[in-house]
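**Q** Let me begin by handing over the structure; questions about it come next.
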Ligand code: FEO
Ligand code: CA
Ligand code: CA
Ligand code: CA
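In this note's numbering, the protein residues as written are 6 to 662.
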């Protein structure tokens, strides 16, 4: 990893995902049953497996007890960990080919210039080219040829300093604020958002991007989007630039995503707090919608300092401006943006009924009668897992009837009890203390300050919830809890988050009562604790329960149509505790046997994220985000570029077999 790149990521790590949850929430049953809690602590000392396998907490399934040696679902031979510090390629299982398909800077919109190779493009070119840091992604098939022709939608989460030929420029001013060159800021904003590209197999069966397609579009950090739902027009979202609170500019930090049954894409806004500053210490201290989300209250926004160029990123209240200037601008981020990829002229809608937090994903569970739930992780140390149950049902016969289903419904937050049960607590104004006396004057306040409302209800602080995946058929829900080095310090351990200094993370799964996505109770268990094998000699907090190939920090989770669970990792491969894991990886798990096999390793410095397939399961796309050396050129000198890979089996078969 280059020095410049390393410096950027160190800076990012300093602000990203820090614990700001002041609630100290402990699930209610633990408070009541103190003696059982003491027993739990004792069994944690003995090791997580002891109590997960024991009868005391009556888990629904025994850990790996039924695991066969070889899973019928996993047909490939696993690849080894990759520990070469200069590794700059992708290795995929034998019999498969992974090739770079779509990289930062590639042309998207008709008329876009080709990638120059030295990052000298200006912001106007960047608005037409692929953005940076490819993340969540989905393939939308065309019905005439679903397995060979469709649209790929790809999030561009944030930017790397390599976006500019000489990196980012910051001017430290005497008053402590930071200046930025306008051209750099505009280019950074343009490299955020997402891309829609038409993709098609050519006559020889190779996937190609359809350049100049009328479907191709870029949505950036400055594209006009309609505000929709209960906060549209609300005073909490009014600003000097948009006094009606009807139109917001752009979407930021789109991490993972979701898909609706009616074929729209849901881009989720994760670490949006990093783009804003409120310099007024007193105002900040009492403004929950800033403080509880970790906005900067220093002299500049955490590491972008866009406020130097664009006043809407300065959320310091301004008494002389309408609506306090841009103090409400941060309230316009942290939501979901619904995009119809099939209609390139449509204006995306920012949905506000779904609550505001650092949303990783929006994963659908669809009931047989077409009721729905969407699951969300709030990826910050000690934050919560949410679900939204729309009031209406999906109508498979009338696409237009589904248009605004995400504007009305009930938001819930999860409480995990140590006995393996769980509850969904509704975030509804007027109920359970979510009242004006407690700072929630309306449902709008509950939604804007969803974290504080969840604190009040006694939600369970989790080890950084990332992606959620729902198993086809069973509707069992899986979530990756990527890691949490504050566990045991800021948040107490509990059965669902059982390790202090949890550097490797875990995957949890649960079944909703009656298999109903809208149920308000569930039964959960730990699917696996990531980490090194038992007997490896690693410290206890680094030892996991993986049945098969080891990994750390699960992030992307995805079920393919055959029911294989794909796991993508995101850890700092330069850190010593991660050396055993090598480069970041894509693995595949059998949800029944829990066997895990490594399918692909990425280049040094990257994370694996974003995953989608064709309906026939014969094409898989995954993203290599922020590679560290020179991937995909892999020549040791080119600028590294975040890249979508297309993966096929050499015999044309289904991926994973
Ligand atoms: Fe953008 Fe939580 O990963
Ligand atoms: Ca992620
Ligand atoms: Ca992550
Ligand atoms: Ca990332």
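Positions of the beta carbon are idealized from the N, C-alpha and C atoms, including for glycine.
Restricting to Cα atoms, I'd like to know which of 614, 287, 575, 593 is closest to residue 321.
**A** As a position in the chain shown, residue 321 is number 316, starting the count at 1. Residue 287 is the option with its Cα nearest to residue 321.
**Q** Is it the case that the region 324-342 contacts the region 208-220, given that we only count it when at least three CB pairs across the two stretches are under 8 Å?
**A** Contact between the region 208-220 and the region 324-342 is absent, because fewer than three Cβ pairs lie under 8 Å.
**Q** Quick check on DSSP: helix, strand or coil for residue 652?
**A** Along the chain shown, read from residue 1 onward, the residue named residue 652 stands at position 647. If DSSP states are grouped into helix, strand and coil, residue 652 belongs with the strands.
**Q** Shortest alpha-carbon distance to residue 257 belongs to which of 278, 241, 244, 265?
**A** Locating residue 257 in the chain shown gives position 252, where the first residue counts as 1. Selected option, being the one with the closest Cα: 278.
**Q** Can you grab the Cα-Cα spacing for the pair residue 152 / residue 621, in whole Å?
**A** By one-based count along the chain shown, residue 152 stands at place 147. By one-based count along the chain shown, residue 621 stands at place 616. Distance between the alpha carbons of residue 152 and residue 621 is about 6 Å.
**Q** To the nearest angstrom, how far is it from the Cα of residue 130 to the Cα of residue 264?
**A** Against the chain shown, residue 130 aligns to sequence position 125. Against the chain shown, residue 264 aligns to sequence position 259. C-alpha separation (whole angstroms): 29 Å.
**Q** According to DSSP, simplified to helix, strand and coil, what is residue 527?
**A** Within the chain shown, residue 527 is the residue found at index 522, counting from 1. Here residue 527 sits in strand by DSSP.
**Q** Beta carbon of residue 626: closer than 8 Å to some heavy atom of ligand 2?
**A** The residue you call residue 626 lines up with position 621 of the chain shown. No, Cβ of residue 626 sits at least 8 Å from all heavy atoms of ligand 2.
**Q** Whose CA, out of 222, 251, 659, lies closest to the CA of residue 198?
**A** Within the chain shown, the letter at position 193 stands for residue 198. Among 222, 251, 659, the Cα nearest to that of residue 198 is on 222.
**Q** Considering residue 354, what are the terminal residues of the beta strand (DSSP E) in which it resides?
**A** Walking along the chain shown from the start, residue 354 turns up at place 349. Unbroken beta strand (DSSP E) run through residue 354: 354-356.
**Q** On the DSSP letters alone, give me the boundaries of the beta strand (DSSP E) that residue 473 sits inside.
**A** Within the chain shown, numbered from 1, the residue matching residue 473 stands at position 468. Residues 470-475.
**Q** Quick one, are the C-beta atoms of residue 342 and residue 305 less than 9 Å apart?
**A** Translated into the one-based positions of the chain shown, residue 342 becomes position 337. Translated into the one-based positions of the chain shown, residue 305 becomes position 300. Not closer than 9 Å, so no.
**Q** Whole angstroms are fine: how far does the CA of residue 248 sit from the CA of residue 326?
**A** Numbered from its first residue, the chain shown carries residue 326 at position 321. Numbered from its first residue, the chain shown carries residue 248 at position 243. Their backbone Cα atoms lie some 11 Å apart in a straight line.
**Q** According to DSSP, is residue 23 helix, strand or coil?
**A** If you number the chain shown from 1, residue 23 lands on position 18. Residue 23: coil per DSSP, three-state reduction.
**Q** Where does residue 571 sit, in a helix, a strand or coil, going by DSSP?
**A** As a working note, residue 571 is residue 566 in the chain shown. Three-state DSSP puts residue 571 in a strand.
**Q** Measuring CA to CA, which of 568, 570, 590 is closest to residue 577?
**A** In the chain shown, residue 577 corresponds to position 572, counting from 1. Looking at the Cα atoms, 590 is the closest of the given residues.
**Q** Out of curiosity, what's the CA-to-CA distance linking residue 482 and residue 532?
**A** Here residue 482 corresponds to residue number 477 of the chain shown, with the count starting at 1. Here residue 532 corresponds to residue number 527 of the chain shown, with the count starting at 1. About 11 Å.
**Q** For residue 520, which option in 560, 354, 479, 627 has the closest C-alpha, if you only look at C-alpha atoms?
**A** The sequence position of residue 520 within the chain shown is 515, counting from 1. With distances taken between Cα atoms, residue 520 lies closest to 479.
**Q** From residue 475 to residue 132, what distance separates their C-alpha atoms?
**A** Walking along the chain shown from the start, residue 475 turns up at place 470. Walking along the chain shown from the start, residue 132 turns up at place 127. The straight-line gap from Cα to Cα measures roughly 34 Å.
**Q** Within 10 angstroms of the Cβ of residue 584, are there 16 or more other Cβ atoms? Answer buried if so, exposed if not.
**A** For the purposes of this step, residue 584 is taken as residue 579 along the chain shown, with counting starting at 1. The residue in question, residue 584, is exposed, as its Cβ has fewer than 16 Cβ neighbours within 10 Å.
**Q** Can you check which of these residues, 86, 526, 107, 386, is closest to residue 645 by C-alpha distance?
**A** Taking the first residue of the chain shown as 1, we reach residue 645 at position 640. For residue 645, the nearest C-alpha among the options comes from 107.
**Q** Under 8 Å, with one C-beta from each stretch per pair, do the region 504-522 and the region 603-614 reach the 3-pair mark?
**A** No, because fewer than three Cβ pairs between the region 504-522 and the region 603-614 fall closer than 8 Å, the two stretches do not touch.
**Q** Quick check on this structure: which residue in 346, 499, 453 has the alpha carbon closest to the alpha carbon of residue 296?
**A** As a working note, residue 296 is residue 291 in the chain shown. When each option's Cα is compared against that of residue 296, the closest is 453.
**Q** With burial defined as no fewer than 16 other Cβ atoms inside 10 Å of the residue's Cβ, what is the status of residue 552: buried or exposed?
**A** Mapped onto the chain shown, residue 552 falls at position 547. The residue is buried, with at least 16 neighbouring Cβ atoms inside 10 Å.
**Q** Decide yes or no for the touch test of the region 414-423 against the region 499-515: beta carbon pairs closer than 8 Å, at least 3 of them.
**A** The region 414-423 is in contact with the region 499-515.
**Q** Within its chain, find whatever has a CB closer than 6 Å to the CB of residue 431; leave out the 5 residues flanking it on each side and keep chain order.
**A** In the chain shown, residue 431 corresponds to position 426, counting from 1. For residue 431, where only same-chain residues beyond five positions count, the Cβ hits under 6 Å are 415, 417.
**Q** How is the alpha helix (DSSP H) around residue 420 delimited, first residue to last?
**A** By 1-based counting over the chain shown, the position of residue 420 is 415. Premise fails: residue 420 lies in the beta strand (DSSP E), 414-421, not in any alpha helix (DSSP H).
**Q** Thinking C-alpha only, which one of 310, 387, 359, 592 is nearest residue 471?
**A** Here residue 471 corresponds to residue number 466 of the chain shown, with the count starting at 1. When each option's Cα is compared against that of residue 471, the closest is 387.
**Q** Can you give me the Cβ contacts of residue 294 inside the same chain, cut-off strictly under 6 Å, excluding the 5 residues immediately before and after it?
**A** On the chain shown, residue 294 is found 289 positions in, with the first residue counted as 1. Cβ within range, chain order: 336, 453, 454.
**Q** Pick out whichever of 383, 244, 537, 517 has its Cα sitting closest to the Cα of residue 530.
**A** Working through the chain shown from its first residue, we reach residue 530 at position 525. Minimum Cα distance to residue 530 is reached at 517.
**Q** Looking only at its chain, what residues have a beta carbon closer than 6 Å to the beta carbon of residue 359, apart from the 5 residues adjacent to it on each side?
**A** In the chain shown, counting from the first residue as 1, residue 359 sits at position 354. Taken in chain order, the residues that qualify are 341, 393.
**Q** Is the separation between the beta-carbon of residue 605 and that of residue 97 shorter than 9 Å?
**A** In the chain shown, residue 605 corresponds to position 600, counting from 1. In the chain shown, residue 97 corresponds to position 92, counting from 1. Cβ distance < 9 Å, so residue 605 and residue 97 count as in contact.
**Q** DSSP on residue 328, reduced to helix/strand/coil?
**A** As a first step, residue 328 is located in the chain shown; it is residue number 323 there, counting from the start. Three-state result, residue 328: helix.
**Q** Compute the beta-carbon to beta-carbon distance between residue 255 and residue 226, rounded to the nearest angstrom, for a pair I have assumed lies under 8 Å.
**A** What you label residue 255 is simply residue 250 of the chain shown in a count that begins at 1. What you label residue 226 is simply residue 221 of the chain shown in a count that begins at 1. Their Cβ separation, rounded to whole angstroms, is 4 Å, which keeps residue 255 and residue 226 in contact under 8 Å.
**Q** Identify every residue that forms a DSSP beta bridge with residue 601.
**A** Here residue 601 refers to the residue found at position 596 when the chain shown is read from its first residue. In the DSSP output, where bridge partners are listed per residue, residue 601 has 553, 594.
**Q** Quick one: what does DSSP say residue 263 is sitting in, helix, strand or coil?
**A** Counted from its first residue, the chain shown places residue 263 at position 258. Three-state result, residue 263: strand.
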